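J.: Have a look at the structure that comes next, please.
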Amino acid sequence: MSSSSPDAAIPTNADENRLNDRVRELLASPRRSLAVIRAREAGVYVLLVMCGLFSLLVTVAILWVLSTEMLNFFSSDEVTLANFLGSTEWSPLLGSTKSFGIWALICGTMLVTVIAMAIALPLGLVTAIYLSEYAPRRVRGILKPTLEVLAGVPTVVYGFFALTTITPILHWLHGGFGVYNATSAGIAVGILCLPTVCSLSEDALQAVPRALREAAYGLGGTRFDASIKVIVPAALSGIISAFLLAIARAFGETMIVALAAGSRPQVTMDPRNEIQTMTGFMVQMAGGDLSNYDVTYYSMYAVAFTLFILTLTLTMIGNIVRKRFREAYE
Amino acid sequence: MKPFFGLFACFALVCTLGCDSSKPTADAVLPAKSFDSDDTASSESMASDAAAPAVAETVAAAGDGAVNKELQGKIEIDGSSTVYPISEAAASRFIKQFPNVNVTVGVSGTGGGFDRFTKGETDISDASRPIKDSEFAVAKKSGISFVELPVAYDGLTLVVPKDNDWIDHLTLDEIKKIFTSEGNAKTWSQVRSGWPETEVKIFAPGTDSGTFDYFLEVVAGKNGSLRSDMSTSEDDNVLVTGVAGSPTAIGFFGVAYYEENKDKLKAVPVVNPESGDAVSPDAQTIENGTYAPFSRPLFIYVNTKSLGRPEVKRFVDFYLQNAAEMAKQTGYVALPEAVYASAVKHARARKSGTHYITADGEKRSGPVTEVYTEENLVDIK
């Protein structure tokens, strides 16, 4: 933003006067005892530290619950780590033998995420380029808030939308789609992630210094050349963060997949199939399918922990990538 | 737009039920049945509300529709989604007469319901099967005594999409081939030769539901298991949508959900193992027992301590008095008069215990008319 209004930071005369007035007021206020002032300062300090600690405490508490309950899961006789990490069959409730192969659920999550990202990433980036580089100010003023409305739609509405609108359309296009399928949920998740990608990428593009744009035009580049060859590469680190945030969001999305993707965990690459994601399984368990604190109940925590690890890994990769592609200007 | 209307209806329902319970006509104003089965809670309660206005009139005509505002309190019901329509109908009729009593009906499945009931969290538990030995043990431990009351017959119904034209009937052996781990038929041609080479897609109630337990016991036996590659949900409406939308699917649930969705689904006649005739589930065949082995009684379990509260006592009495009529209205089948009479007697005298577990902890089974007698009662003590 600094490129568009470089002198916004310089205070005007009016600002300065107001500031001076305030300082004078502070000095003129009656002297208080030093002890009171110190006590108040200490109080404020403690309050602020506690606010900061709160989020840390919550994170630690969640991690603690996840890992202790997960230990309950793995200490059960019915579960082995080899089965958990090596099997592709997830059937904690049905069938003659219980099997806890996490890959069936990871595969479901991946399938939905890939479909969602195939929609959200290209569409989001192109829209961002349009908004930032091509769109007239007035169009941008309408389009951007509209896009942000999409981000405010409750996910359960997207779930219904997938089930009652996207699925019938898919079914009409191709008879092989089931009532519950990965594609429908994936498309809805993609639409959900679109504003995230678009809005953050656009911010990144806008933050590219004006000088770079001007240089590109000065060398005889077209608007397209400037966008693709100069501005997007310069904003790459921001764009990648936007992408990773969207992927993390798709990983954790629950309501849409619970409604539209079905409840049959299986390893499949066929997007017409019914699948179950990690979040979908947890929702099904929490929604009444669990019985008295047995191994199936604890499996929910093992799944949650896996999801947590996956998301954490994604964030860490994001940090590395961002540092690598960081372009510092000015 | 369907989704938005669904949400709106949901919201409206919550508002009308939540804000002013002294207005007896409040939920009769709601649209009868406005969208198909995607939305769980609202479509269910709406469907049963649709029946409510007619009921209110008959009650008024009978002369005891006088509104009683004296009786106050809260009654908490949870449990089977199969029994839900009856309990919901009972609740919505009851609050018309007693507007200051707050009745909530949850749907956690029979197992989930008993889980809460045996901890003393709910007053009444809906159950589509009798209480299990393990659940009885928990009740014993926490000192929760209860009265067991049968309320209706259900015919567990096997359903296929309306446009399925090849399934004329199924034998128990064929059902085993479709649903059990041992049978595990992947295509319909493996079930019966001559049937198409298409995938068998199964939609089944969740493992916490009494319907699942009942089906498992009948089809796979005590130590058997159903196959693992089925889609399961505690919500019967999800199953309805699933079966109706997949041409090669089969599913099962209580007959009421079939009755409600007759336009989308077809019930498969089941061959009675004794007579050898293919029988469809309807009021007559379920009541006289020819729809075998899938007809079963449904129950409510009432916490004896709660039964001491006037509002619960009134409600249970009301429930049993109207059970026959409500059962028919919600798509189930009424029990014989004699069974209701002894249920009323049980409730009034607070005869606690179960009829379905013997003193040695063995499971007792048989037709409800034979099992539901005072001699068979085993209490928690």
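Going line by line, the protein sequences match chains W and R. All residue numbers for the first sequence refer to the working numbering, where the first residue is 1 and numbers rise by one. All residue numbers for the second sequence refer to the working numbering, where the first residue is 1001 and numbers rise by one. For glycine and all other residues, C-beta sits at the position ideal for the given N, C-alpha and C. As the structure is a computational prediction, the values presented were derived from the model and not from experiment.
1. Should TYR992(R) go down as buried or exposed, given a rule of 16 or more other Cβ atoms within 10 Å for buried?
2. Relative to chain W, which residues along the segment 1211-1236 of chain R have a C-beta separation below 7 angstroms, given in chain order?
3. When the Cβ atoms of the segment 307-323 of chain W are set against those of the segment 78-87 of chain W, are three or more pairs found closer than 8 angstroms?
4. Specify the secondary structure class of VAL1219(R) as computed by DSSP and reduced to three states.
5. Hey, does SER1280(R) have any beta-carbon neighbour from chain W nearer than 7 angstroms?
6. Less than 7 angstroms between C-beta atoms, sequence neighbours within five positions excluded: which residues of the same chain meet that for ALA185(W)?
7. For a test of the three-state rule: what should DSSP assign to ILE1075(R), helix, strand or coil?
8. Can you name the residues that DSSP bridges to GLY124(W)?
9. Using a Cβ-Cβ cut-off of 7 angstroms, state whether GLY1245(R) counts as contacting chain W.
10. So, using beta-carbon positions, are VAL1107(R) and SER1081(R) closer together than 7 angstroms?
11. Can you say whether LEU19(W) is buried or exposed, counting buried as having 16 or more other CB atoms within 10 angstroms of its CB?
12. For LEU123(W), collect the residues of the same chain with a Cβ closer than 7 angstroms to its Cβ; drop the 5 residues on either side in sequence, then sort them by chain order.
13. Do GLU1148(R) and TYR1301(R) come within 7 angstroms of each other at the CB atom, strictly closer than that value?
14. Can you pull the chain W residues whose beta carbon is under 7 angstroms from the beta carbon of THR1241(R), in chain order?
15. Listed from N- to C-terminal order along the chain, which residues in the segment 1175-1190 of chain R have their beta-carbon within a distance smaller than 7 angstroms of any beta-carbon of chain W?
16. State the Cα-Cα distance for the pair GLN1072(R) and GLY1308(R), rounded to the nearest angstrom.
17. Give me the Cα-Cα distance between ALA204(W) and VAL1238(R), rounded to the nearest whole angstrom.
18. Check whether the segment 1326-1334 of chain R touches the segment 1249-1265 of chain R, taking contact to mean three or more Cβ pairs, one atom from each stretch, closer than 8 angstroms.
19. Taking three-plus beta-carbon pairs below 8 angstroms as touching, is the segment 173-192 of chain W in contact with the segment 227-244 of chain W?
20. According to DSSP, simplified to helix, strand and coil, what is LEU1149(R)?
21. Would you call the segment 1355-1372 of chain R and the segment 1124-1137 of chain R touching, i.e. three or more CB-CB distances under 8 angstroms?
22. When you compare the CB of GLY262(W) with every CB in chain R, is at least one pair closer than 7 angstroms?
23. Note down, in chain order, each residue of its chain lying with its Cβ closer than 6 angstroms to the Cβ of GLU1197(R), except the 5 sequence neighbours on either side.
24. Can we say the segment 269-286 of chain W touches the segment 203-222 of chain W, given the rule of at least three CB pairs closer than 8 angstroms?
25. Checking the sheet assignment: what are the DSSP bridge partners for PHE1253(R)?
26. Between the Cα of LEU131(W) and the Cα atoms of ALA120(W), LEU143(W) and LEU121(W), which residue gives the shortest distance?
27. Use the C-beta contact count for MET300(W): other C-beta atoms within 10 angstroms, 16 or more gives buried, fewer gives exposed.
28. Quick one: grab the DSSP three-state call for GLY1289(R).
29. Return the CA-CA distance between ALA42(W) and LEU27(W), expressed in angstroms with no decimal places.
30. Tell me which same chain residues have a C-beta within less than 8 angstroms of the C-beta of THR1180(R), skipping the five on either side of it?
31. What are the uninterrupted segments assigned as alpha helix (DSSP H) that are 4 or more residues long and contained completely in the segment 1170-1255 of chain R, given in chain order?
32. Identify, in the order they occur along the chain, each residue of the same chain with its Cβ nearer than 7 angstroms to the Cβ of LEU245(W), setting aside the five sequence neighbours on each side.
T.: Walking through what the data contain:
1. Residue 992(R) is absent from the model: chain R starts at 1001 and stops at 1381.
2. Sequence-ordered contacts of the segment 1211-1236 of chain R with chain W read SER1225, LEU1226, ARG1227, SER1228, ASP1229, MET1230, SER1231, THR1232, SER1233 and GLU1234 [C-beta pairs closer than 7 angstroms].
3. No: fewer than three Cβ pairs fall under 8 angstroms.
4. As a working mapping, residue 1219(R) is identified with position 219 in the second sequence. Helix.
5. Position 280 of the second sequence holds residue 1280(R). Chain W, which has no Cβ nearer than 7 angstroms to the Cβ of SER1280(R), makes this no.
6. As a working mapping, residue 185(W) is identified with position 185 in the first sequence. The residues are VAL112, ALA162, ILE256, VAL257, ALA260 and ALA261.
7. For the purposes of this step, residue 1075(R) is identified with residue 75 of the second sequence, where counting begins at 1. Correct three-state label for ILE1075(R): strand.
8. Against the first sequence, residue 124(W) aligns to sequence position 124. In the DSSP output, where bridge partners are listed per residue, GLY124(W) has none listed.
9. Residue mapping note: residue 1245(R) aligns to position 245 of the second sequence, counting from 1. Judged by the 7 angstroms Cβ criterion, GLY1245(R) is in contact with chain W.
10. Indexing the second sequence from 1 puts residue 1107(R) at position 107. Indexing the second sequence from 1 puts residue 1081(R) at position 81. It is a contact, given that the beta carbons lie within the stated cut-off.
11. For this step, residue 19(W) is matched to residue 19 along the first sequence. LEU19(W) comes out exposed.
12. The sequence position of residue 123(W) within the first sequence is 123, counting from 1. LEU194, listed in sequence order.
13. Residue 1301(R) sits at position 301 when you count from the first residue of the second sequence. Residue 1148(R) sits at position 148 when you count from the first residue of the second sequence. Going by C-beta atoms, TYR1301(R) is nearer than 7 angstroms to GLU1148(R).
14. In the second sequence, counting from the first residue as 1, residue 1241(R) sits at position 241. Here the neighbours are VAL179.
15. SER1181
16. Start at 1 with the first residue of the second sequence, and residue 1072(R) comes out as number 72. Start at 1 with the first residue of the second sequence, and residue 1308(R) comes out as number 308. Looking at the two C-alpha atoms, the distance is approximately 14 angstroms.
17. Indexing the first sequence from 1 puts residue 204(W) at position 204. Indexing the second sequence from 1 puts residue 1238(R) at position 238. Using only the alpha carbons, I get a separation of about 43 angstroms.
18. yes
19. Judged by Cβ distances under 8 angstroms, the segment 173-192 of chain W makes no contact with the segment 227-244 of chain W, as fewer than three pairs qualify.
20. Here residue 1149(R) refers to the residue found at position 149 when the second sequence is read from its first residue. Correct three-state label for LEU1149(R): strand.
21. Contact between the segment 1355-1372 of chain R and the segment 1124-1137 of chain R is present: three or more C-beta pairs spanning the two stretches fall below 8 angstroms.
22. Walking along the first sequence from the start, residue 262(W) turns up at place 262. For GLY262(W), the answer is yes, since a Cβ of chain R falls inside 7 angstroms of its Cβ.
23. Against the second sequence, residue 1197(R) aligns to sequence position 197. If we look at GLU1197(R) and ignore the five residues flanking it on each side, its Cβ neighbours are THR1187 and SER1189.
24. no
25. Here residue 1253(R) corresponds to residue number 253 of the second sequence, with the count starting at 1. PHE1253(R) pairs with THR1157(R).
26. Start at 1 with the first residue of the first sequence, and residue 131(W) comes out as number 131. Out of ALA120(W), LEU143(W) and LEU121(W), LEU143(W) has the C-alpha closest to the C-alpha of LEU131(W).
27. Translated into positions along the first sequence, residue 300(W) becomes position 300. When all chains shown are included, MET300(W) counts as buried.
28. Here residue 1289(R) refers to the residue found at position 289 when the second sequence is read from its first residue. It is coil, neither helix nor strand.
29. Your numbering for residue 42(W) matches position 42 in the first sequence. Your numbering for residue 27(W) matches position 27 in the first sequence. If you take the alpha carbons of ALA42(W) and LEU27(W), they lie about 21 angstroms apart.
30. The residue given as residue 1180(R) occupies position 180 in the second sequence. Within the same chain, THR1180(R) has close Cβ partners VAL1219, ALA1220, GLY1224, SER1225, LEU1226 and ARG1227.
31. Correct list: 1172-1179, 1188-1191, 1210-1220 and 1236-1245.
32. What you label residue 245(W) is simply residue 245 of the first sequence in a count that begins at 1. Contacts found: THR196 and LEU200.
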